[in-house]
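Contents: one structure, followed by commentary.
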Amino acid sequence: MEALLDIECTEDELLFNAYLDGELSPDEVREFKERLLREPEFKREWEEFSQVMGGLHALPMEFAPNDFVDKVQSRIRTRSRGAFFAESILFRQRAPYEVVAVVMLIVMASAYLLLGAPHDTQMRDLVEPPTLEP
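The numbering of the sequence shown is the working numbering, which starts it at 89 and goes up by one.
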């Protein structure tokens with residue numbers, strides 16, 4: 089499958105496609121036909137290309153069944169264990185790292201304040217020395 093994705097079209101093949109699809113301007117069509125007459129290799133490639141494309145166009149048109157997309161999504165959901173096309177919103181989106189970091193900072197700050205914050209009395213003694221009553 090991966091090899092199919094790596095196929096690159098030559099400039100001539102792109103030109104052949106454009107000609108078949110009627111995407112060339114009249115000047116480009118004229119140049120294309122002139123090139124067919126003067127370059128035998130180009131003409132041979134064009135004939136091979138048009139035979140293949142003619143064979144493809146001769147195949148009967150088939151339509152996917154109505155439930156095709158649902159079945160494909162279900163199979164992807166199963167194989168990915170719910171990472172893709174999950175049915176519930178909890179599995180559909182994962183929490184971004186920033187949200188997790190902020191929640192952890194809040195939890196740590198709360199624990200610090202509840203368990204280990206310095207007491208106000210110690211701080212007050214440093215700022216205001218105790219007064220001695222006579």
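Even for Gly, the Cβ is constructed at its ideal location relative to N, Cα and C.
These numbers were taken from a predicted model, which means no experiment stands behind them.
Which two residues bound the contiguous alpha helix (DSSP H) that contains residue i?
i, result
"residue 153", "Run containing residue 153: none; DSSP gives neither H nor E here."
"residue 128", "128–146"
"residue 111", "Element bounds for residue 111: n/a, residue is neither H nor E."
"residue 199", "185–203"
Using 10 angstroms around the beta-carbon of residue i, count the other beta-carbons present and answer buried if the total reaches 16, otherwise exposed.
i, result
"residue 193", "exposed"
"residue 96", "exposed"
"residue 89", "Caution applies to residue 89, whose pLDDT of 43 falls short of 50 and renders its modelled position unreliable; the value that the coordinates give is listed next. Residue 89 should be labelled exposed."
State yes or no: is the C-beta of residue i within less than 8 Å of the C-beta of residue j?
i, j, result
"residue 103", "residue 120", "yes"
For residue i, which option in the options has the closest C-alpha, if you only look at C-alpha atoms?
i, options, result
"residue 134", "200, 96, 116 and 100", "100"
"residue 139", "105, 198, 110 and 185", "105"
"residue 158", "174, 150, 147 and 148", "174"
Can you tell me the Cβ-Cβ gap for residue i and residue j, rounded? I've got them flagged as a contact below 8 Å.
i, j, result
"residue 165", "residue 172", "6 Å"
From the beta carbon of residue i, is the nearest beta carbon of chain C less than 8 Å away?
i, result
"residue 120", "Here there is only one protein chain, and chain C is not present."
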